[in-house]
Each structure stands twice: as C-alpha cells, then as structure tokens.
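Peer 1: Respectively, the protein sequence lines represent chains A and B. The opening position of the first sequence corresponds to residue 392 in the numbering used here, with each subsequent residue numbered one higher. The opening position of the second sequence corresponds to residue 22 in the numbering used here, with each subsequent residue numbered one higher. One structure, pasted below without further comment.
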Amino acid sequence: MCQLRFQRDSRVAFLALLCLVPLMGFARPAGEEEEKFDLKEVIFTHLGDEYSWELLGGAEIHLPVIVRDDAGEWHCFSSGRLTDGKEYEGFYIAHEGSYAHKVVGRTLAGEEYRPLDFSITKNVVAIGIGALLTVWMAFALARFYKRNRFKAPRKGVGFIESLVEMVYQEVIVEVLEKDARRFAPYLLSLFFFILLSNVLGMMVVFPGGANVTGNISVTLVLALCTFVVVNISGTRHYWREIFWPEVPMWLKVPIPLMPLIEVFGMITKPVALMVRLCANMLGGHLIALVLVSLIFLLGALGDAVMGGTIVVSIIFSLFMNVLHLLIAFIQAYVFMMLSTIFIRLARE
Amino acid sequence: MSLFTPEFGLVFWMLVIFLILLGVLGKYAWPVIIKSMEERAAFIDQGVEFTREAEKDREQAKADARGLLTDARKQQLDILQQTERTKQEIIDNAQQTAAHEARRIMESAKLSIEQAKTEAELQLRRQTGLLSLQIAEQVIRRNLASEEAQMELIDQLLKEAGE
C-alpha cells in the first residue's frame, strides 16, 4: 500500500516536472544568437557515414582517411586535416552534389572526382566494435563451458546461452535437421552480429550511435554472404529446379523463360534480406532523429512551443525506441531465420 | 540517393571484418558452445533416465523387502508354534517318565514293605515259637502237680508274655 502510494506520488511528480518544462523555456536569456536548423542536413549526416566520430560534448575522434587518387597513388592521413572544409593533399570533403559528405579530389582539369576510398570511417569502426563484442560474447560462453563442464550458466552468460539456445535449437535444428551443425556457425555469427550492431546503433553515444545495419553497404555484404552460402551448399536438385524445372517444355526450350524467372528469384531472395534489414533500421534511426529534431524545428516558433514539443517528443521517442528495440531483435532474428530457410531450400 | 548506394570502401571493410568474425567464431567458439550444450543436454537426459531406473529399482527392492519380511514373520510364527509343541512334548514326556518312575518306586516300596512284613511275620512266628518253647520249658521244668499250679503258671506266663 505504501509503495503503491509512493509510486503514484513519483509519477505525479514526474508529470509535474514535465509541465514545468515549457515554463523553463521562458527563463532562457533572450538575445542569444539562433543558428539556422537544417533538418535534412542533420538527419542525413547522422544516417550516413562520417570520417570522424563525434563524442559527447563536441569532442571528436579523427579517423584515418585512406584514399587512392586518380594517378594510382595511395594517401593516408587523419580526417582531422579535412575538418571545416580544409583541403589536404588535394582532397577535401564535398558539401554538396552527388558526393556530399565524401572525400573527393580534383583532377588536373579541375573536375571533382571520387577517389578509391578505403577510409576507416565511423561505420567501419562501429562494425569492428560490433564484431569484437560478438567475439567477446561468444568466447565468454565458450570459456564458461570449458571451465564448468555440464553446468548451466547464470546471469549474463546465461542470457547469452538462452539466446544461442533459442536460435540454435528452435530455428537452426528445427529447419536444417542433420545439416544444423554445419551451418550453425555461420547463422549464429550472423544473428549475433546483426543483433549487437542493431542495439549498438540505438545507443546515442560512443561506442554506439553509428547507423551500421541501416547502411546498405553492410546489409549488402550480409546478404551476399547468405547468397554465397546458399548457392555453394545447393544440391543437384536445387540447381535442377533452377535450370530445368518440371514445367511444360515450351516454357524452357526455345526461350528459357522459367530458368530466367528462377535465376531472378535466386537473386531477389538475398536482395529482399538486404533491403528489409536496412530499411527497418534506417527507419528506426530516422524516426528517432526526426522526433528529436522536432524540438529544434518547432523551437523557432517560440519558447513555449519548444517546451511543449520537448515533452511530446520525449514521450514519443521513448515509445518509438522501445518499439525499435523490439524491431532490432526481430530483424536480426528474421534475417537469420530466412537465411536458414534459404539454405534448407537449397539442401532439399 | 546516397543512402542507398553501396560504398565500395565500406563494403570492403565490412566483408573483411565479417569474414574474420566468421572464421574466428566458426573455428573456436560456436563448435565448442554447441558441443557443450548438446553434451550437457545428453548428460541431463541420461541423469533423468538413470534416476527413473533407480526409482524403479528402489520400488522393486521395497517390494522384495516387504515379501521377505512377510516370509520371515511366517517362519517365525511356525518356529514359535513348533517350539511350543516341542515344549509341550518334552513336558509331557517328563511327566510320563516321572509318573512311571514314581510308580516303579512305589511298587518297589510296596515290595520291600511286603518283604519286611513277611519277615516280621516270620520273626513273629519264630518269636512265638520260641516263646512257646520257653514257656513249655518252664512248664516242663516246674513241677506241675496240680491243676491249680498249672493254671497259675499259665496265667503268670501269659501275663509275662502280655507285658
């Protein structure tokens, strides 16, 4: 009874505090210089890749830029040399055009061109962090088993185990049966890498916040891996279904109509995987960004409006983030599950 | 739109990192984890099986013990009964023997009494004879003139004898 009352009191206090926020807006000293807020710019900068990683409080980690110019020469330097539109060794970061936010160079003729860019960007570092976390997590579990044979882990390691158990026993073994052991390493790695990258991407500050799984390049590689695994492990039956399916002769002899459709289907499957994961994660980031940006966007209309928007935005953001966390898990699960099913179909 | 154009550099690094991840985990982590999990599952199944078997054995043993106990009780009862019977028999025997012996002793006592009686009679007869002879001797020795004297004598003798 007492606790209930306390809970209600704290809730009331919280709501009262939220109501105070609009009033606090008035307290801001007037005459401060207002920067123009470019929503599109902010959102696209956050969703895309960057050459440096902004930490809390404006500090930045400058990551190395590795580029090969049109003459075939390699250049490697810190991205700190390119900040604020500076030019270094003939390279600079474009601000507009088709190469916006990318390192570009200038040909002798003065034309802008995009060099071969192998820079360690924010996303590359984030991928590395995600991969390291995956490795650390898997090895924590493996080490536990090596030390305690026949024992069940508890707490954190137990949570990892329950995830592995869920993925392995309920999806991989269920679908692949006798092939489960052969494909489990790939599928488990895939699931945990996507899951950790998704969740890391939801964290606002370093080492999270990068839009890794919402980046088409990353999902492209993941889908490509599934494509390769599926087609390498395809049986004779699988290939026959593609190039010589059991359909009326006229559908495949003069013009290979069915084989064409089948080959198309072979490619659309991983493409669907790629687009699904990317779009879902991108959407989550986009919503979070828009809801937060709304505060600044509507802030231009006046302080009271801004205060009100803060309340509404925070509540909506919270709701959307919880939803996004669910989606982060579901998308990792779906990617892995569909990969498993595609492998199974190829093994029939 | 730049968001949906793959970046070659990023694709390259992603591929490198992901392949390394696959290699490392696929070789050192997942096989160990899966093997351990399956071994543990098998171990638990075995344990459950073993427990079930043990439970069955225990039930069997319990039933066996109960049977043995019943048998033992019956045997005990039998033995007790037999003992009782034997005891009765021994007592009967002893009583019979004792009665027999007592009879024998009585008989022998009767016999010796009879003998003693016979002997006493014999003795009495001899004594009587002797007495008669002594009396006769006295009578003879005395001058038995008169009848009175004779009677006196006889009376005296009888008196003597009666004393």
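Glycine is no exception: its CB is placed at the ideal position from the N, C-alpha and C atoms. Given the structure is predicted, the values throughout are model-derived calculations rather than measurements.
Between the alpha carbons of Gly519 (chain A) and Pro636 (chain A), how many angstroms are there, rounded?
Peer 2: Cα-Cα distance, rounded: 43 Å.
Peer 1: Is any beta-carbon of chain B found at less than 8 Å from that of Leu736 (chain A)?
Peer 2: No, Leu736 (chain A) lies away from the interface with chain B (no Cβ there is under 8 Å from its Cβ).
Peer 1: Is the CB-CB distance between Val433 (chain A) and Ser704 (chain A) below 8 Å?
Peer 2: For Val433 (chain A) and Ser704 (chain A), no; Cβs fall outside 8 Å.
Peer 1: With a threshold of 16 other CB atoms inside 10 Å of the CB of Leu101 (chain B), please say whether the residue is buried or exposed.
Peer 2: Leu101 (chain B) should be labelled exposed.
Peer 1: Spatial neighbours of Leu673 (chain A) within its chain, please: C-beta separation below 6 Å, excluding the five flanking residues on both sides.
Peer 2: These residues qualify, in order along the chain: Gly605.
Peer 1: If you follow the alpha helix (DSSP H) that Glu181 (chain B) is part of, which residue opens it and which one closes it?
Peer 2: Glu181 (chain B) -> alpha helix (DSSP H) spans Glu168 to Gly183.
Peer 1: Can you name the residues that DSSP bridges to Leu507 (chain A)?
Peer 2: For Leu507 (chain A), which the question treats as bridged, DSSP gives the partners A:Arg459.
Peer 1: Can you have a look at Asp440 (chain A) and say buried or exposed, based on whether 16 or more other CB atoms are within 10 angstroms of its CB?
Peer 2: Under this definition Asp440 (chain A) is a buried residue.
Peer 1: Classify Glu502 (chain A) as helix, strand or coil using the three-state DSSP reduction.
Peer 2: DSSP places Glu502 (chain A) in coil when its eight states are reduced to three.
Peer 1: How far does the alpha helix (DSSP H) with His676 (chain A) in it reach, from first residue to last?
Peer 2: Segment Leu648 to Gly690, the alpha helix (DSSP H) holding His676 (chain A).
Peer 1: So which residues of chain B does Asp429 (chain A) contact, with C-beta pairs closer than 7 Å?
Peer 2: Neighbours of Asp429 (chain A) on chain B: none; closest Cβ ~16 Å, over 7 Å.
Peer 1: By how many angstroms is the C-alpha of Leu729 (chain A) removed from the C-alpha of Ser580 (chain A)?
Peer 2: Rounded to whole angstroms, Ser580 (chain A) to Leu729 (chain A) spans 14 Å at the Cα level.
Peer 1: On the DSSP bridge list, what partners appear for Val495 (chain A)?
Peer 2: Per DSSP, A:Tyr483.
Peer 1: Near Val566 (chain A), which residues of its chain fall below 7 Å by C-beta distance, leaving aside the five closest residues on each side in sequence?
Peer 2: Contacts found: Thr731, Ile732 and Arg735.
Peer 1: Taking Cβ-Cβ distances shorter than 8 Å, what residues in chain B pair up with Val612 (chain A)?
Peer 2: Correct list: Val32, Met35, Leu36 and Phe39.
Peer 1: Which residues in chain A sit within 8 Å of Phe64 (chain B), going by Cβ to Cβ distance?
Peer 2: Ordered by position in chain A, the residues that pass the 8 Å Cβ test against Phe64 (chain B) are Phe541.
Peer 1: Taking CB distances under 8 Å as the criterion, tell me whether Leu42 (chain B) reaches chain A.
Peer 2: Taking Cβ atoms only, chain A reaches closer than 8 Å to Leu42 (chain B), which makes this a yes.
Peer 1: Are there 16 or more other CB atoms within 10 angstroms of the CB of Thr626 (chain A), so buried, or fewer, so exposed?
Peer 2: By the 10 Å Cβ count, Thr626 (chain A) comes out exposed.
Peer 1: Have a look at the DSSP bridge pairing and note the partners of His628 (chain A).
Peer 2: Bridge partners of His628 (chain A): none, in fact.
Peer 1: Keeping to the same chain, check which residues put their C-beta closer than 6 Å to that of Leu611 (chain A); ignore five residues upstream and five downstream.
Peer 2: So the list reads Met665, once near-sequence residues are dropped.
Peer 1: Listed from N- to C-terminal order along the chain, which residues in the region 560-586 of chain A have their beta-carbon within a distance smaller than 7 Å of any beta-carbon of chain B?
Peer 2: Flagged, chain order: Arg572, Ala575, Pro576, Tyr577, Leu579, Ser580 and Phe584.
Peer 1: Just the Cα atoms here: how many angstroms apart are Phe33 (chain B) and Phe509 (chain A)?
Peer 2: Their backbone Cα atoms lie some 8 Å apart in a straight line.
Peer 1: I want to verify the contact list: residues of chain B whose CB lies under 7 Å from the CB of Leu532 (chain A), in sequence order.
Peer 2: Ordered by position in chain B, the residues that pass the 7 Å Cβ test against Leu532 (chain A) are Ile54.
Peer 1: Nearest chain A C-beta to Leu98 (chain B) closer than 8 Å, yes or no?
Peer 2: Chain A, which has no Cβ nearer than 8 Å to the Cβ of Leu98 (chain B), makes this no.
Peer 1: Could you confirm whether any beta carbon from chain A is found closer than 8 Å to the beta carbon of Arg79 (chain B)?
Peer 2: No, Arg79 (chain B) does not count as interfacial toward chain A.
Peer 1: Tell me the DSSP secondary structure of Glu76 (chain B) in three-state form.
Peer 2: Here Glu76 (chain B) sits in helix by DSSP.
Peer 1: Within this structure, are the beta carbons of Tyr559 (chain A) and Val494 (chain A) separated by less than 8 Å?
Peer 2: No, the Cβ-Cβ distance between Tyr559 (chain A) and Val494 (chain A) is not below 8 Å.
Peer 1: Is it the case that the Cβ atoms of Phe726 (chain A) and Leu591 (chain A) are separated by a distance below 8 Å?
Peer 2: Cβ distance not < 8 Å, so Phe726 (chain A) and Leu591 (chain A) don't count as in contact.
Peer 1: Report the option in A:Leu677, A:Ala695 and A:Cys669 whose CA atom is closest to the CA atom of Pro27 (chain B).
Peer 2: Per the Cα distances, A:Cys669.
Peer 1: So, is the C-beta of Arg61 (chain B) closer than 8 Å to a C-beta in chain A?
Peer 2: Closer than 8 Å to some Cβ of chain A, the Cβ of Arg61 (chain B) qualifies, so yes.
Peer 1: Leaving aside the five residues before and after Ser167 (chain B) along the sequence, list all residues of the same chain whose C-beta is less than 6 Å from its C-beta, in chain order.
Peer 2: Cβ within range, chain order: n/a, list empty.
Peer 1: Compare the beta carbon distance of Phe597 (chain A) and Ala529 (chain A) with 8 Å and say whether it is the shorter of the two.
Peer 2: Not in contact: Phe597 (chain A) and Ala529 (chain A) (Cβ atoms no closer than 8 Å).
Peer 1: Spatial neighbours of Asp92 (chain B) within its chain, please: C-beta separation below 8 Å, excluding the five flanking residues on both sides.
Peer 2: Nothing listed; no residue qualifies.
Peer 1: With DSSP run on the structure shown, which of helix, strand or coil describes Ala418 (chain A)?
Peer 2: Only weak support is given to the placement of Ala418 (chain A): the predicted model assigns it a pLDDT of 43, under 50, and the question is left unresolved by the model.
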